[in-house]
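In what follows, a single structure is set out as structure tokens and then discussed.
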Amino acid sequence: FNAHLAANMLREAAAMTTQIQGEIIPSDKPGNLSMAMRQPVGVCLGIAPWNAPIILGVRAIAMALACGNTVILKASEACPGLHVAIGKVFIEAGFPDGVVNVITNAPEDAAVVVEALVSAPEVRRVNFTGSTKVGRIIGELCGRHLKPALLELGGKAPMLVLEDADIDAAVNGAIFGSFINMGQVCMATEKLIVHDKIADEFVAKLSERAAKLPAGDPRGHVVLGSLVTIGAAEKMEEIIADAIAKGASLTAGGKRTGSVVEATVLDHVKPGMRIYDEECFGPVKPIIRVKDEEEAIRIANDTQYGLSGSVYSRDIRRALAVAGRVQSGICHINGPSVADEAQMPFGGVKGSGYGRFGGRAASNEFTDLRWITIEDPHQH
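What follows is the structure, given as structure tokens:
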């Protein structure tokens, strides 16, 4: 999926080169022609993560290029080779020297390199995809240097399963949204909020499906391969142990082998457990049972994050009303929280950042809006 979506992002960016629009605005002054025009900003810095390296590396620079800018891609320390390869592809495609630039660094040098890049007068825009913790640092740096930033940060995506939901469809969505890429996705489902009336059936079906997901060597035919590090896998163990110690029930998975963690489901999760608040970024998922729609919405919004979410209900009017109250930049009705299309406005609210990748929304991020007038020289 990495290469296919990245290719779509490039196609969309190419299509957007003729869709960067201005407007004629009526002026109060007789004979005056006033125009709002968008133009390139100059140099754009993109800082991409490791978890979907081709997609997110391309996304960091594609629309900035389409808007007429030059770009610097600051590669992730965890996958520098892939990000360098992206730069080589653009050069092989015929981009002139200096238009697409890739910088790599050792992990211990990351802070110094990023500060030097953000503070450089030539850099006029910054976009960053990564953790909320690092995003706050980059946002502060950009504010200090008066550089607009697009920040796509962490998430704790809720999936609200209302009592009238199609349970089998909801289970399918939960499996995909929870365990794709081992849960190492910013929009992965991280809170399964289920109405009491259907919770037993939902948990039983989800747990049965999760328990059958093959885990192991990612070079084999498995759904769940290695997490990014042993430390990430050990964190999953700690989160599972914390939840069980505080009253949660383990209904599927729970075991770790090296950096591989089974698809894990924890039922009866409550506030005060680490898994309730923390972004897990792994294949460990909490079930939170609720008595009604209002409680479901309250729990969905009880988080610092606001990137993605989903609502399952057979009543589309009701689902749309609920989706409107979920505090997130993205919300899908009767679909999983994980979805991405190159032309859609992608981004979050609250601690998940600000600004939007994708389509026309992204063209606004990588251009300056200017007011240009043509006046009657004899008026003054």
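Using our numbering, the first residue of the sequence shown is number 995, and each one after it goes up by one. Ideal Cβ positions, reconstructed from N, Cα and C, are used throughout, including at glycine. Keep in mind that this is a model prediction, so the values were computed, not measured.
Backbone secondary structure at residue i - three-state DSSP
i: Ser1331; result: coil
i: Ala1227; result: helix
i: Pro1043; result: coil
i: Gly1167; result: helix
i: Ile1324; result: coil
i: Asn1099; result: coil
i: Asp1261; result: strand
i: Ala1143; result: strand
Residue i versus residue j: straight-line alpha-carbon distance, rounded
i: Glu1256; j: Leu1244; result: 12 Å
i: Ala1087; j: Asn1095; result: 14 Å
i: Gly1133; j: His1189; result: 38 Å
i: Cys1061; j: Gly1303; result: 30 Å
i: Lys1082; j: Ile1169; result: 36 Å
i: Ser1021; j: Trp1365; result: 11 Å
i: Pro975; j: Ala1239; result: No answer is possible for residue 975: it lies beyond the span of the chain, which begins at 995 and ends at 1374.
i: Pro1152; j: Lys1141; result: 32 Å
i: Ala1333; j: Asp1370; result: 52 Å
i: Arg1250; j: Glu1202; result: 18 Å
i: Val1254; j: Ala1072; result: 18 Å
i: Ala1046; j: Val1263; result: 29 Å
i: Glu1231; j: Ser1357; result: 42 Å
Distance CB(residue i)-CB(residue j) smaller than 7 Å
i: Ile1282; j: Ile1293; result: yes
i: Met1031; j: Gly1016; result: yes
i: Leu1027; j: Ile1269; result: no
i: Ile1291; j: Arg1308; result: no
i: Leu1301; j: Gly1323; result: yes
i: Gly1149; j: Cys1180; result: yes
i: Val1112; j: Leu1135; result: yes
i: Val1037; j: Val1117; result: yes
i: Ala1242; j: Leu1221; result: no
Range covered by the beta strand (DSSP E) that runs through residue i
i: Phe1122; result: Val1117 to Thr1123
i: His1077; result: Per DSSP, His1077 belongs to no beta strand (DSSP E); it is in the alpha helix (DSSP H), Pro1074 to Glu1086.
i: Leu1027; result: Leu1027 to Pro1034
i: Lys1068; result: Thr1064 to Lys1068
i: Val1155; result: Ala1151 to Val1155
i: Glu1071; result: Neither: Glu1071 is in no beta strand (DSSP E) and is coded neither H nor E.
i: Val993; result: An answer regarding residue 993 cannot be provided, because it is not within the stretch 995 to 1374 covered by the chain.
i: Asp1310; result: Here residue 1310 is Ile; the residue named in the question, Asp, does not match the sequence. Per DSSP, Ile1310 belongs to no beta strand (DSSP E); it is in the alpha helix (DSSP H), Ile1310 to Arg1319.
i: Arg1364; result: Thr1361 to Ile1368
i: Ser1243; result: Ser1243 to Ala1246
i: Glu1017; result: Glu1017 to Ile1019
Bounding residues of the alpha helix (DSSP H) (the contiguous stretch that carries residue i)
i: Val1128; result: Thr1126 to Arg1138
i: Ser1304; result: It is not in any alpha helix (DSSP H) - Ser1304 instead sits in the beta strand (DSSP E) that spans Ser1304 to Tyr1306.
i: Glu1256; result: That residue, Glu1256, is in no alpha helix (DSSP H); it is neither H nor E in DSSP.
i: Leu1111; result: Ala1104 to Ser1113
Closer than 6 Å: residue i CB and nearest the ligand MG heavy atom
i: His998; result: Although the ligand MG was asked about, the structure shown includes no ligands whatsoever.
Next item on the list: Go through the region 1184-1216 residue by residue and report every complete run of the alpha helix (DSSP H) that reaches 4 residues or more, in order.
Entry: Listed in chain order, the complete alpha helix (DSSP H) runs (minimum 4 residues) inside the region 1184-1216 are 1190-1205.
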